[in-house]
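Peer 1: Numbering (my numbering), first residue to last: 41 to 271.
Pasting in a structure now, in structure tokens, and then I'll have a few things to ask.
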């Protein structure tokens with residue numbers, strides 16, 4: 041849930057190099073690092089909001105939402121390795137980055153639980169060297185996956201579908217999730233009471249037809265009534 045989480049850090053990768061930018065860290069352990077969120081925004085907000093500088097990633101909607109929380113409106117969204125995977129292999133059990141890199145790039149990434157420990161400790165408690173390698177792996181391998189899968193996108197003639205429908209939807213869905221929907225809670229509570237009353241009335245009607253009471257939600261008891269007793 042992006043509105044509850046804080047950005048600990050962010051990794052940016054290019055073709056042959058990657059960088060980790062810490063935002064939240066244990067300052068007593070890293071006294072030489074003085075980066076603040078304001079520094080991050082001052083240096084990189086324009087880059088993220090530029091249409092001319094194209095961005096790729098894995099599940100970009102996640103990153104867009106977290107950056108939007110900090111008033112950074114990501115533009116220039118080009119490729120998403122998760123969306124590519126969905127488009128190419130809709131029946132896959134998982135489209136996770138680590139599964140795809142193992143399968144397509146023959147590279148085994150460090151699992152999140154391995155990084156933070158089995159007790160699920162805080163991310164800021166992880167050694168920054170380890171954390172930076174873990175995060176840079178994510179951004180760099182996503183870029184490598186895109187290079188691998190975009191060839192298949194073209195071979196299967198999915199480029200138009202990918203670029204005109206699937207990728208524009210990433211930003212649209214992110215905006216929808218960020219804004220959310222308003223709920224009339226009082227109306228929903230009233231509706232729940234009305235539906236429960238109607239359900240009770242229907243259940244009583246069923247018991248009358250059946251000639252006895254039983255668990256209507258039990259498929260076994262319902263089957264016995266319909267097929268054995270009522271034929």
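Idealized CB from N, CA, C, for every residue including glycine.
For clarity, every value in this text was computed on a predicted model and none was experimentally measured.
Which residues in the same chain have their Cβ closer than 6 Å to the Cβ of residue 180, if we skip the five residues on either side of it in sequence?
Peer 2: Mapped onto the chain shown, residue 180 falls at position 140. Counting only Cβ-Cβ distances below 6 Å, and skipping sequence neighbours, we find 53 and 58.
Peer 1: Whose C-alpha, out of 170, 237, 109 and 270, is nearest the C-alpha of residue 149?
Peer 2: Position 109 of the chain shown holds residue 149. Residue 149 has its Cα closest to that of 170, out of 170, 237, 109 and 270.
Peer 1: Is the separation between the beta-carbon of residue 100 and that of residue 117 shorter than 9 Å?
Peer 2: The sequence position of residue 100 within the chain shown is 60, counting from 1. The sequence position of residue 117 within the chain shown is 77, counting from 1. Yes.
Peer 1: With distance defined between alpha-carbon atoms, name the residue in 213, 212, 119 and 168 nearest to residue 71.
Peer 2: The residue given as residue 71 occupies position 31 in the chain shown. Measuring from the Cα of residue 71, the nearest candidate turns out to be 168.
Peer 1: Do residue 80 and residue 63 have their CB atoms nearer than 9 Å?
Peer 2: For the purposes of this step, residue 80 is taken as the residue at position 40 of the chain shown. For the purposes of this step, residue 63 is taken as the residue at position 23 of the chain shown. Contact flag set, yes.
Peer 1: Judging by CA-CA distance, which residue of 138, 144 and 185 is the nearest neighbour of residue 151?
Peer 2: Walking along the chain shown from the start, residue 151 turns up at place 111. Measuring from the Cα of residue 151, the nearest candidate turns out to be 138.
Peer 1: For the candidate residues 83, 74, 114 and 265, whose alpha-carbon lies nearest to that of residue 33?
Peer 2: Look at the range of the chain in this structure, 41 to 271, and you will see that residue 33 is not part of it.
Peer 1: Of the choices 73, 67, 97 and 61, whose alpha-carbon is the least far from that of residue 84?
Peer 2: Counting from 1 along the chain shown, the entry for residue 84 is found at position 44. Nearest of 73, 67, 97 and 61 to residue 84, Cα basis: 61.
Peer 1: What span of residues does the beta strand (DSSP E) with residue 50 cover, start to end?
Peer 2: Counted from its first residue, the chain shown places residue 50 at position 10. Element bounds for residue 50: 49-53.
Peer 1: So, residue 126 versus residue 132, is the Cβ gap smaller than 9 Å?
Peer 2: Here residue 126 refers to the residue found at position 86 of the chain shown. Here residue 132 refers to the residue found at position 92 of the chain shown. Yes, they are a contact pair.
Peer 1: Near residue 128, what residues of its chain come up, given a Cβ to Cβ distance below 8 Å and the 5 sequence neighbours on each side ignored?
Peer 2: Taking the first residue of the chain shown as position 1, residue 128 is located at position 88. Within the same chain, residue 128 has close Cβ partners 189, 192, 193, 196 and 198.
Peer 1: Ends of the alpha helix (DSSP H) at residue 134?
Peer 2: In the chain shown, residue 134 corresponds to position 94, counting from 1. Note, residue 134: premise wrong, no alpha helix (DSSP H); not H, not E.
Peer 1: Can you give me the C-alpha to C-alpha distance between residue 73 and residue 156, rounded to a whole angstrom?
Peer 2: Counted from its first residue, the chain shown places residue 73 at position 33. Counted from its first residue, the chain shown places residue 156 at position 116. Roughly 22 Å between the two C-alpha positions.
Peer 1: Just to confirm, is the Cβ distance from residue 98 to residue 45 under 9 Å?
Peer 2: Within the chain shown, the letter at position 58 stands for residue 98. Within the chain shown, the letter at position 5 stands for residue 45. Contact flag unset, no.
Peer 1: Between which two residues does the alpha helix (DSSP H) harbouring residue 95 extend?
Peer 2: In the chain shown, counting from the first residue as 1, residue 95 sits at position 55. Per DSSP, residue 95 belongs to no alpha helix (DSSP H); it is in the beta strand (DSSP E), 95-97.
Peer 1: Jot down the residue ranges of each uninterrupted alpha helix (DSSP H) in the segment 60-110, minimum 4 residues, whole runs only, in chain order.
Peer 2: Segments of the alpha helix (DSSP H) lying fully in the segment 60-110: 77-88 and 100-109.
Peer 1: What would DSSP say about residue 275, mapped onto helix, strand or coil?
Peer 2: Past the boundaries of the shown model lies residue 275; the chain is included only from 41 to 271, so the question cannot be answered.
Peer 1: So, with DSSP's three-state summary, where would you put residue 251?
Peer 2: Residue 251 sits at position 211 when you count from the first residue of the chain shown. Reduced to three states, the DSSP call for residue 251 is coil.
Peer 1: For residue 50, which residues in the same chain have their Cβ closer than 6 Å to its Cβ, ignoring the five residues on either side in sequence?
Peer 2: Residue 50 sits at position 10 when you count from the first residue of the chain shown. Closer than 6 Å at Cβ, skipping near neighbours: 61.
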